[in-house]
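Everything below concerns the one structure shown next.
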Amino acid sequence: MSYHNPFTPPRKSATFDDYTLAEIRRAAATGIYDIRGAGTKRKVPHFDDLLFLGASISRYPLEGYREKCDTSVVLGTRFAKKPIYLKTPITIAGMSFGALSGNAKEALGRGATLAGTSTTTGDGGMTDEERGHSQTLVYQYLPSRYGMNPKDLRRADAIEVVVGQGAKPGGGGMLLGQKISDRVANMRNLPKGIDQRSACRHPDWTGPDDLEIKILELREITDWEKPIYVKVGGARPYYDTALAVKAGADVVVLDGMQGGTAATQDVFIENVGMPTLACIRPAVQALQDLGMHRKVQLIISGGIRSGADVAKALALGADAVAIGTAALVAIGDNDPKWEEEYQKLGTTAGAYDDWHEGKDPAGITTQDPELAARLDPVAAGRRLANYLKVMTLEAQTIARACGKNKLTNLEPEDLCALTMEAAAMAQVPLAGTSWYPGKGGF
C-alpha cells in the first residue's frame, strides 16, 4: 500500500522532465524526429565563465581618449595575392539565400559594409543583393555545390571551403520544400517545393590529400588572388586545424556547437560537437605546433554575442570571430513586436526556431514575398552596423583596460576562469589561483 505525504508536493524527475516527456509523446505520435533551426539550447561552458584581469599596478592601462587600440585584422596573408583587410575582427557567418530572404541577405551586406567587415554567402549561391551591397564577400564552397560556378568564385573576395558546421559536424544541411521558391529552385537547380538535403561530405574527396588538390584547383580558378578558408565544425579541432593548414588553407574557421543552423535534427544540435570554448585552445595549439599561429588566421564562431565574447576569443588565440544568430537578432529576428504572430505559430519571441517552415513573422527566415517585405533592408542594415560598432567598442575597451594597443595582443594571461570546466577548456587559471585542471600543482 502506497502513501502520499500531504506535506510534500509531488516530485518530478530531473531526467524525465516536462520537455523530455513531451518529446517522447511527440515521437510516439508522429514517428518522425524533430527538425528545427538555431543552435544548442542546453547550457554548456561558455565565455561567460571567463573574466578579464584588468590593469592596476602590475599592468599599465591605456587611456581611451588619447591612446589608440587597433581593431583591424588582415585575413589570408599566407598565399593569397589579395588578402582581406577588415576594420573590425567581427565578420558575418555564412547564411544562405533560401534559408534567409533576399531582403535579409541585403541587410547583412549593407550592415557589414557600413561596419567595414565581410559577409559570407552560405549554401545556395551568390545573390545580386548580397554581392551588390557587400564590400567584402566570402563565397562558401559546400558539398552541395549549389549555385557554384567559376564566375561567382572570381566575383568573391575570398572562398570558404565548408567541411563542417558547429550545429551539425558530420551532417548535411536541410531546406524544406516550403522555402524552395522559383528563384531558390533556379539558383540551386532543384525542383520547386521539394524537400532538399545537402550531402554531409564533398563528392570529390575523401581526406586531406584530396582537400589539398581542391584548394589548388580553387586557387588556379581565381588566379591565386583570393584567400582560401577552410571551415570545420567543433569536434576534433586540433587535428582538423592541423590538416586544414597542411592542405594549404589561408584561414581556418572553427564553429562550436552553439553555432546555429537553418534546419537539422534537434538530436544533432543538442548532442553532437563541442562547446565553442573547448575548441579554441586545441586549434591554437595546432597552429603553434606547426609554427603557423598568426600566419594562418583563425576565425571562431558559435555563440558570439558581445564585445566581451569577441575579446575573450581573441585572448585565447583567435584572429577574428564570426556571428550568425546574433546578426539575425540585430536585424530583427525574434523581435517581441511580432509576439502575437509568434503565439499563433505556437511559440514566443526568443524561442522561435522553426526557421525551416518559412513562416517567420519578421521576414528574415522565409521566402514568402509578403513576409519578406516586412524587413526593410536599409533600416535593418543600419541596426546591424550599430550592433557591430558597439561590439567592437566593447572589445576595444576591454583591450585598453588590459594595457593592449591591438585587440589581437590580448592573451590567455589576461584571463581567469570561474569554473573548473571553463578553466580546463580555456587553459587559464581558476580565479584566485595559478592552476587549471591538467596543469599540475597549485
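For the sequence shown, our numbering begins at 43 and goes up steadily by one. Ideal Cβ placement from N, Cα and C applies to all residues, glycine included. Note that the structure is predicted; figures quoted are calculated from it, not measured.
Cβ pair residue i, residue j closer than 8 Å
i       : j       : result
Cys-458 : Leu-117 : no
Asp-76  : Lys-448 : no
Met-467 : Ser-348 : no
Leu-340 : Gly-366 : no
Thr-306 : Lys-210 : yes
Gly-153 : Ala-427 : yes
Lys-273 : Lys-124 : no
Cys-22  : Ala-198 : Past the boundaries of the shown model lies residue 22; the chain is included only from 43 to 484, so the question cannot be answered.
Gly-136 : Gln-182 : yes
Thr-264 : Arg-196 : yes
Simplified DSSP assignment, three categories, for residue i
i       : result
Ala-200 : strand
Ala-64  : helix
Cys-321 : helix
Thr-161 : strand
Ala-364 : strand
Asp-297 : strand
Gln-307 : strand
Leu-332 : coil
Lys-85  : coil
Leu-413 : helix
Thr-283 : helix
Val-226 : helix
Gly-136 : strand
Lys-129 : coil
Thr-113 : coil
Leu-156 : helix
Leu-232 : coil
Ile-270 : strand
Ile-342 : strand
Thr-57  : coil
Val-314 : coil
Gly-275 : strand
Ile-99  : coil
Tyr-384 : helix
Thr-72  : helix
Buried/exposed call for residue i, threshold 16 Cβ in 10 Å
i       : result
Ala-464 : buried
Leu-63  : exposed
Tyr-127 : exposed
Trp-477 : exposed
Thr-50  : exposed
Thr-163 : buried
Phe-310 : buried
Phe-484 : Residue placement at Phe-484 cannot be trusted, given a pLDDT of 46 that sits under 50; what the coordinates show is reported in the next sentence. When all chains shown are included, Phe-484 counts as exposed.
Arg-243 : exposed
Glu-382 : exposed
Asn-231 : exposed
Thr-390 : exposed
Thr-8   : Because the chain in this structure spans residues 43 to 484, residue 8 falls outside the shown range and cannot be described.
Gly-249 : exposed
Quick test of the definition: if touching needs 3 or more C-beta pairs under 8 Å, does the segment 139-151 touch the segment 282-292?
Too few Cβ pairs lie closer than 8 Å, so no.
Contact between the segment 214-234 and the segment 162-181 is defined here as three or more beta-carbon pairs at a separation below 8 Å; is this criterion met?
These segments touch.
Ignoring anything shorter than 4 residues, give me the alpha helix (DSSP H) runs that lie fully in the segment 396-472, in order along the chain.
As for any alpha helix (DSSP H) of minimum length 4 sitting wholly inside the segment 396-472, the runs are 411-414, 419-443, 462-468, ordered along the chain.
Cβ pair count under 8 Å reaching 3, the segment 293-300 against the segment 250-259:
Counting C-beta pairs closer than 8 Å gives fewer than three between the segment 293-300 and the segment 250-259, which falls short of the contact rule.
Taking contact to mean at least 3 C-beta pairs separated by less than 8 Å, is the segment 398-411 in contact with the segment 310-330?
The segment 398-411 vs the segment 310-330: no contact.
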